[in-house]
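What follows is a set of notes on a single structure, which appears directly below.
Structure (structure tokens):
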């Protein structure tokens, strides 16, 4: 996780944003915006908030995505898993569907699955899951196919071939977590031979073969994205729009991120200045309190001496009244500092 320091105001902004995506960020849950989140939240809650913000930020990177709300938790989970999102927070209440063009439509369709048995546990599992939603943009229909990681690792060719047979699409691209690899070397066609598919998978796995690095292929290779279209020209127009939308989204997000970072830095500097001023004020108050306390002790001592020696003359009584009045003023000053 990023070690970037957040300003107090940034916590408030992030809480407002996360309320649209997650449950559990209300005032009753301890996220009260009327209070200072940095002071009112525990270190665990602040860490959780940052992690869930990062999760949403990563999903929304790349091509533009539309928030898709599903009432059923089961259908929501299926939609998220079918898009390669596996580490799903329990309180996430929305999914994100690619929204490449304003004409993009989202359709809910019947989920297709290929069931099998897990060789490690012997339990019946879903080896391949076809997304319960599909997007339609300019006559091109797009649908995710999630392949169980263990099946993909043990039998990559069989897994990819079965996924392609299940979908019956015109073209496929590699699904990388919540993203997709759209470059030509990693595209598959329905009539590709086993040898061509194996060569492509080998090239991909060798390129990202270092287990020590974050881009190791087992960390992100989640399945395929299937494309259906009547004519090749329809896909070419779609692909051009896709690339433009991705570039535009990337530029917008970069500018937004830079703006957020600049604002965060300014707020941190301002908070440091305010803290330094507050510290100087507290230091000055302590200094004045010490001086006043010392003065109080001297006045009390002087009053005690007057009383001990006896107040006989009018002048002595007047002096005693002055000392007591002075003591009262000093005590008020001390209480205010």
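Residue numbers (this note's numbering): 2 to 338.
Where is the CB? At the ideal position from N, CA and C, for every residue including glycine.
So residue i packs on residue j, CB below 8 Å; how close in whole Å?
i	j	result
residue 173	residue 149	With 8 Å as the limit, residue 173 and residue 149 do not qualify as a contact, their Cβ atoms being about 17 Å apart.
residue 224	residue 176	5 Å
residue 171	residue 239	Their Cβ separation, rounded to whole angstroms, is 12 Å, which puts residue 171 and residue 239 out of contact at 8 Å.
residue 265	residue 11	5 Å
residue 19	residue 53	6 Å
residue 69	residue 107	6 Å
residue 65	residue 246	6 Å
residue 226	residue 145	6 Å
residue 93	residue 23	6 Å
residue 16	residue 50	7 Å
Which residues in the same chain have their Cβ closer than 7 Å to the Cβ of residue i, if we skip the five residues on either side of it in sequence?
i	result
residue 37	9
residue 39	9, 12
residue 140	230, 231, 235
residue 272	8, 9
Residues in its own chain within less than 8 Å of residue i by CB, not counting five upstream and five downstream?
i	result
residue 324	300, 303, 304, 307
residue 158	195, 198, 199, 202
residue 293	331, 334, 335, 338
residue 278	none
residue 268	8, 9, 10, 11
residue 124	118
residue 116	125, 126, 127, 128
Pick out whichever of the options has its Cα sitting closest to the Cα of residue i.
i	options	result
residue 114	96, 79, 108	79
residue 298	335, 268, 322, 32	335
residue 95	60, 32, 123, 15	60
residue 235	222, 288, 143	143
residue 261	310, 309, 58	58
residue 151	282, 277, 121	121
residue 137	163, 243, 74, 73	243
residue 250	62, 190, 93, 153	62
residue 91	328, 44, 254, 26	26
residue 153	222, 258, 81, 271	222
residue 147	316, 104, 82, 135	82
residue 329	296, 316, 291, 315	296
Enumerate in chain order the residues of its own chain whose CB-to-CB distance from residue i is below 6 Å, with the five nearest sequence positions on each side excluded.
i	result
residue 2	Any reading at residue 2 must be qualified, since the residue scores a pLDDT of 43, below 50, and its modelled position is unreliable; the value itself is stated next. Closer than 6 Å at Cβ, skipping near neighbours: no residue.
residue 286	338
residue 119	126
residue 97	60, 66
residue 312	318, 321
residue 32	16, 26
Can we say the segment 128-136 touches the segment 93-111, given the rule of at least three CB pairs closer than 8 Å?
yes
Where in the segment 294-326 do unbroken runs of the beta strand (DSSP E), each at least 3 residues long, occur, reported from the N-terminal end onward?
none
Length at least 4, wholly inside the segment 9-84: the alpha helix (DSSP H) runs in chain order
Fully enclosed alpha helix (DSSP H) runs of 4 or longer: 9-19, 38-41, 44-60, 74-83.
Quick check on the DSSP output: what are the complete alpha helix (DSSP H) runs of length 4 or more inside the segment 117-202, in order along the chain?
150-155, 157-168
Would you mind listing the beta strand (DSSP E) stretches within the segment 205-293 that are 3+ residues and don't spill past its ends, in chain order?
222-229
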